[in-house]
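A.B. asks:
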Amino acid sequence: MTSDTPAGRRFRVFTRRRSAPSRARRRIGAAVRMLAALALAGGVYTAFAPGASAEDTRQLSGAAQEGKALFDNSCISCHGRNAEGVEGRGPSLIGVGSASVEFQVGTGRMPMTRQEAQAEKKPPQFNEAQTKQLGQYIQELGGGPQLPSGSLVEDIEQNPEALARGGELFRINCTSCHSFGGAGGALSSGKFAPSLHSASAEEIYAAMLTGPQNMPVFGDNEITPEQKRQIITYVTQQLQEDKDPGGLFNLGRYGPVTEGLAIFLVGITLLVFATLWIAGKS
Amino acid sequence: MTVTKNDQHGAGTEPVDLSDPRLSRFEIVREGARRDDIEIVTYESQFPTPNSKAEKRIERTIALMFLLAGLLGLVFLAAYIFWPWEFELGHARSDYYTPILGISLGLALLAIGFAILTWAKKLLPHEVSIQDRHEGRSTDEDRQITGQTLLFTVDELGIQRRPLLKGAIALGLAPIGLVAAAPLVGGLIKNPHKPDRGQDPPMFRTGFDPVANQGRPVRLTHEDGTPIRPEDISVGGQITVFPGVPHGATNEYADSPTLLIQLRADDAAVARKASEEDERNKGAMWGNYVAFSKICTHAGCPASLYEQQTNRLLCPCHQSQFLITENARPIFGPASRRLPMLPITVDDEGYFVAASDYRETVGPDFWERP
Amino acid sequence: MKRRKFDLASVPGKAAKGVDERYQVATPLRGLLNKVFPDHWSFLLGEIALFSFIVLLLSGVFLTLFFDPSMKEVAYDGSYTALRGTEMSAAYESSLHLSFEVRGGLFMRQMHHWAALLFMAAIVVHMARVFFTGAFRKPREANWAIGIALFLLGFLAGFTGYSLPDDGLSGTGLRIASAIMLSIPVVGTWLSASIFGGEFPGELIIGRFYIAHVLLIPGGLLALISVHLGLVFAQKHTQWPGPGRTNSNVVGERMFPRYALKQGGFFMTVFGVIALLAGLFQINPIWLFGPYRASEVSSGSQPDWYVMFMDGLVRLMPAWQIDLPIGDGYVIPPLFWPAVVGLGALTTVPMFYPWIEARRLKDTRSHHLLQRPRDAPERTGLGAMAFTFFIVATLSGGNDVIADKFHISLNAMTWAGRIGMVILPPLAYYLAVRICLGLQQHDREVLAHGVETGIIKRLPDGRFVEVHQPLSPVDDHGHPLPLDYAGWVVPKKMNRLGALAPAVKGFFFPVEKPVEAPVSPAVPPLASREDREEITSGR
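Each protein sequence line maps, in turn, to chains R, U and W.
Going by the working numbering, the first residue of the first sequence is number 1, and it counts up by one from there.
Going by the working numbering, the first residue of the second sequence is number 1001, and it counts up by one from there.
Going by the working numbering, the first residue of the third sequence is number 2001, and it counts up by one from there.
1) Between R:Y137 and chain W, is the shortest Cβ-Cβ distance under 8 Å, so that the two count as touching?
2) The region 170-193 of chain R: which residues have C-beta closer than 9 Å to a C-beta of chain W, in chain order?
3) So W:G2147 and W:H2040 are supposed to be a Cβ contact under 8 Å. How far apart are they, rounded?
4) Can you list the residues of chain U that R:L248 reaches, using a CB-CB cut of under 7 Å?
5) Should U:R1133 be flagged as near chain W, meaning a C-beta pair shorter than 8 Å?
6) Using the C-alpha atoms, what's the distance from U:W1286 back to U:V1353?
7) Helix or strand or just coil, what does DSSP make of W:A2090?
8) Please report the Cβ distance between W:I2106 and U:T1098, rounded to the nearest whole angstrom; I am assuming they are in contact, meaning their Cβ atoms lie under 8 Å.
9) Any beta carbon from chain W within less than 8 Å of R:L270's own beta carbon?
10) Please report the distance separating the alpha-carbon of U:S1293 from that of U:K1282.
11) Buried or exposed for R:G143, going by 16 or more other Cβ atoms inside 10 Å?
12) Taking the straight line between their C-alpha atoms, what separation do you get for W:V2019 and W:V2025?
13) Between W:G2450 and W:P2480, which are expected to be in contact by the criterion C-beta below 8 Å, what is the C-beta distance as a whole number of angstroms?
14) Should R:P63 and R:Q115 be called a contact, given that it needs their Cβ atoms to be closer than 8 Å?
15) Going straight from the alpha carbon of W:V2511 to that of R:G181, what length do you get?
16) Anything in the region 1215-1241 of chain U with a Cβ closer than 8 Å to a Cβ of chain W? List those residues in chain order, please.
17) Applying the criterion that 16 or more other CB atoms from any shown protein chain within 10 Å of the CB defines a buried residue, is W:W2320 buried or exposed?
18) Should R:L93 be flagged as near chain W, meaning a C-beta pair shorter than 8 Å?
19) Judging by CA-CA distance, which residue of U:V1128, U:L1164, U:R1057 and U:R1025 is the nearest neighbour of U:E1044?
20) What are the boundary residues of the alpha helix (DSSP H) that includes W:G2171?
21) Could you name the residues of the same chain whose beta carbon sits closer than 8 Å to that of U:G1177, not counting the 5 residues immediately before and after it, in chain order?
22) Do U:I1058 and U:L1110 have their CB atoms nearer than 8 Å?
23) Between W:G2398, W:V2392, W:R2463 and W:R2372, which lies nearest to W:I2435 when the distance is taken from Cα to Cα?
24) With a Cβ-Cβ cutoff of 8 Å, do R:L60 and R:F126 count as a contact?
25) For U:A1335, which residues of its own chain have a beta-carbon under 6 Å away from its beta-carbon, when the five flanking residues on both sides are left out?
26) What first and last residue would you give for the alpha helix (DSSP H) that runs through U:D1266?
27) Work out the CA separation of W:T2246 and U:V1029 for me, nearest whole Å.
28) With H, G and I counted as helix, E and B as strand and the rest as coil, what does DSSP make of W:A2517?
29) How is W:M2111 classed by DSSP in three states: helix, strand or coil?
30) Which bits of chain R does W:N2143 rub up against, with CB to CB less than 9 Å?
31) What does a CB cutoff of less than 7 Å around W:R2109 pick up in its chain, not counting 5 residues either side in sequence?
32) By the 7 Å beta-carbon criterion, what residues does the region 2079-2107 of chain W contribute toward chain R?
33) Taking DSSP's pairing of strands, which residues face W:I2456 in a bridge?
34) Residues of chain R with CB closer than 8 Å to the CB of W:A2121, please, in chain order.
35) Are the Cβ atoms of W:N2411 and R:S188 separated by less than 8 Å?
36) So, for U:D1037: in the same chain, excluding its five sequence neighbours on each side, which residues have a beta-carbon less than 8 Å away from its beta-carbon?
This is the structure in structure tokens:
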């Protein structure tokens, strides 16, 4: 049973974004089958159009050629030959840069399982090396933003102001969608800003740089690389690492909605039980 | 002590002689209850034999609960004094300060509550009493007497007979009443339309009004006051900009935050066409750049959830959605008015400036909005 | 001079005599001590609100010792590293100081906030109990109206308190409050400018809200709560119908010794639950919100739960703007209807319900006996309708979080709320009335035919019938005598008649001794189990 059956769809509403392992396995199963079919199609295609392929690979580096092979297997059906895009299925990838590939493929958002409002984070299909190769291919095809080398997080021992500065930048630029606590939030018509609680520094950096899906682009002129590192420092050190001082449970940091739920489910429920006991005949 | 209904006591029964030395304390209590129209129907110990095993067991439970409460109270005090409480980043012992206080105090109080309730429920005699509820109304005589007394007062004052006094009181006391109200209203009241140092009232202008900048066009700046060049915004990118005047990024200019967006070329063409066709937004775009007020026209929250593919702007407070490419027209939710557009251009040094102030009133709607 | 021996044991007695000689308290005190209260779990719900109010006062006094209601800009230099060096108002700075540098300050703050949520939740639950049992009827109409006023005052107390820390979330709430004031026709701008002392946000609002939050509103709450309790005391509590309980008496326990002790224990329980909540669950982490800036906002911005219904109505309101083409043109923005008219109507119209119902039923009698919800189907239906409306509005107040966490389109959530608001309340009315009538019918059936025993008997002609245990004596033909419904629980299971000893002690259903539970005042109580005859009578 794939997740496209009615039963699978019905339960989607109640599952968290971090998929249950069984569903992930089902998805991977479907993806493997799709991969096999695409590999076959790609193989047939290469066999019939050897000239075009030979021409393209000439300028590509070794890693990029590996990446191209992967691309032609898994991505070509939506993003088209030479990543020029297919109308109505997938956008052109010319100029999106390796940062974009590393974000989309590295977080498992690409390849998409099906067309929907927004690609969801899921266990990645390609390992790190393959992701880099795909990125290299796209980079060499049309250029675009790249992840810088070196640490993406400031050392708060040496630069203690980075955290507060990052927090300020986070509140100006990021909270409107990802919320104060980094729990994410809803956008129009089924789109959403994902939670940042499990995002890595590379993912956050790449997302800011490339503006995946509906996220605005925060290029290096809008938010300098140093400022990006400060924001990442705030997200990773404060929002992800810091334990909430206000209790054992932080109620997901969703604000008054879960607090209101808690007062009825915990407070009122406990106390109504107490009244039943107090007034009950002993 | 056990009383059942067979004993003849309570309301409707004979009063007892309180001077009788043989009376037990309970009998006196019951006499008091009788005088308050209470009939104690049942008052029986839950333990037929005093000092029974069951009773002892409950006593021990209650004692244990009180001792547990004391112990937890000591835990609270110890944690309160010795546990590190100042904030530390990351996983620190101080993160458990509040939980330890809460759990120890909470459980201590619950233990006391449990002990008291067990005491009341298990150790104290079971009781059923019936009290008469005197129907609400007073006797006719009392009504008559009270009513006549009040009317007598009115008669004696003679307000009915002395119209001059009636008028004088009304005219004399009304101003005194107003005097009481005047400081409250008068002290608080503020005319929102009063011109501010010869300029438009603040309600109708923002920090981008050149008047605030000695008549020169106001630059668009980052929150730290640095000006912005066109290349500082990526395609499909947006930044929040503030008027480049002193305190421009503070709450002093709460209506001024503006969203500066560089649209993709094809979206920009659509947006330009729409803005050129509009009377007020004509010429407000600069290249592929647009600037819209960040303050939602609905309730004033910053409408800043920009979706770069759909070009929608979502307000997180009440989910109004605005379409950037059509003059930020509201397309969903409770907002009824579009976001005002800031006319922008680039000055000689290559920085963004506001060509003029907003051409529409910024912020939530109100009655006399022009 | 010979010193008199000091007799310690006689001190209280002497002191009491002395007090009475001066203040003559013995007689009124006796009346106070001798007060009978009926006992039922649902009568304790209002106490939850009362006790959380006491916790609010206690924790609130602590907070005032450290809070600085000033909007002066200062730079933070406390132990919370992620804000160090940030410019903020003194109010926010002192709230952070209170949370991180004052010993137990965060705990107190969280206790105050949880107590506030519990206060409002208990008010609503208590109000539901009063409504559905008809406890608001004459002579208690005024107390019902006071209860609604208490909800409104609590709403204001909560909102002003929520605004005080001047953090990013509460500032957004203040901004919306100012927009709501602005939306009022004609006087809107004047009202907003007067309250904020100029344009939003100005520099005065925190100080003004502070005095309202710590003095004016709590003073009003205290006064109204005193009147509320005083009236309960003077008019005596309502009671459920039952054996020996009539409209002109109160059956229960005297206040002393047992009832008062139970109340004390319950106070400790409420206090304990609030302390546990405050220790276990983080509430309103203002340090994550940052200082308020007009340009910053967070997705998932909501007010506290008791304001959420209003926010939900505002979200669901279609963009209907009224333009008045007079002079320069005037507008009534769509925000006005849900936020001003809606809130006003929802908090004032229910106040008049007791008089409306009395007028409709032409009922001028005093009622001290409660009605089971099933016995007043129309009222129950109306209540179900009102609560459905309230719940749809409240859920819509958090519809973005629901949309995000359950993967529903945000726009679909808004439409679901808009449609649900119109369709669900009447549906709830219909369902509630049908359920009430069904329950009534079942009660009458059991009274007429007896309790189902589960024993199936085959008749000589081959038919199968279930044997019923009549609740009343039978006539000469073995048919049960008809019983009148007494407005109280009709036993529907043999166990409730004492057919079997209860397996566990009653918790949800107090297992009453059969002697205490006759089904109708007109009929003598059932004999206890030992001397009851074997079931022989069938139908």
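Idealized CB from N, CA, C, for every residue including glycine.
C.D. replies: By the coordinates alone:
1) Chain W contact via Cβ: absent.
2) Across the region 170-193 of chain R, CB contacts with chain W closer than 9 Å involve F170, R171, I172, T175, S176, C177, H178, S179, F180, G181, G182, A183, G184, G185, A186, L187, S188, S189, G190, K191, F192 and A193, in sequence order along the chain.
3) With 8 Å as the limit, W:G2147 and W:H2040 do not qualify as a contact, their Cβ atoms being about 18 Å apart.
4) Residues of chain U with a Cβ closer than 7 Å to the Cβ of R:L248 are, in chain order, P1099.
5) Using a CB distance cut-off of 8 Å, U:R1133 counts as an interface residue toward chain W.
6) Between U:V1353 and U:W1286, the C-alpha separation is close to 10 Å.
7) Looking at W:A2090 - three-state DSSP - the assignment turns out to be helix.
8) Here residue 2106 of chain W turns out to be Leu, not Ile, going by the sequence shown. Sure, about 5 Å apart at Cβ, within 8 Å.
9) At a cut-off of 8 Å between beta carbons, R:L270 contacts chain W.
10) Using only the alpha carbons, I get a separation of about 16 Å.
11) Exposed is the call here.
12) W:V2025 has its alpha-carbon roughly 8 Å from the corresponding atom of W:V2019.
13) The C-beta distance from W:G2450 to W:P2480 rounds to 6 Å, short enough to fall under 8 Å.
14) Position check: residue 63 of chain R holds Ala in this sequence, whereas Pro was assumed. The criterion of a C-beta distance shorter than 8 Å is not satisfied by R:A63 and R:Q115.
15) Confidence is the limiting factor: at W:V2511 the pLDDT is only 47, short of 50, which leaves the residue's position unreliable and the question unanswerable from this model.
16) If you check each beta-carbon in the region 1215-1241 of chain U against every beta-carbon of chain W, the ones closer than 8 Å belong to E1223 and T1240.
17) Exposed: under 16 other Cβ atoms inside 10 Å.
18) Judged by the 8 Å Cβ criterion, R:L93 is not in contact with chain W.
19) Shortest Cα-Cα distance from U:E1044 to any of U:V1128, U:L1164, U:R1057 and U:R1025 involves U:V1128.
20) It spans G2168 to L2182 - the alpha helix (DSSP H) in which W:G2171 sits, taken as one unbroken run.
21) Residues of the same chain with a CB within less than 8 Å of the CB of U:G1177, apart from the 5 flanking positions on each side, do not exist.
22) Not a contact, by the Cβ cut-off of 8 Å.
23) Answer by Cα proximity: W:R2372.
24) A distance of 8 Å or more separates the beta carbons of R:L60 and R:F126.
25) Correct list, in chain order: T1297, H1298 and S1320.
26) U:D1266: member of the alpha helix (DSSP H) spanning A1265 to E1277, first to last residue.
27) Between U:V1029 and W:T2246, the C-alpha separation is close to 25 Å.
28) With a pLDDT of 45 at W:A2517, under the threshold of 50, the modelled position of this residue cannot be trusted, and the question is left open.
29) Collapsing the DSSP output to three states places W:M2111 in a helix.
30) Under the 9 Å cutoff, chain R gives no residues; its nearest Cβ is about 20 Å from W:N2143.
31) So the qualifying residues of the chain are L2063, L2098 and S2099.
32) Considering only beta carbons, the part of the region 2079-2107 of chain W lying closer than 7 Å to chain R consists of T2081, A2082, L2083, R2084, G2085, T2086 and L2106, in chain order.
33) Answer by DSSP bridge pairing, in chain order: W:E2466.
34) Residues of chain R passing the Cβ test: I263, F264, G267 and I268.
35) Cβ distance < 8 Å, so W:N2411 and R:S188 count as in contact.
36) Only A1011, Q1131, D1132 and H1134 meet the Cβ criterion.
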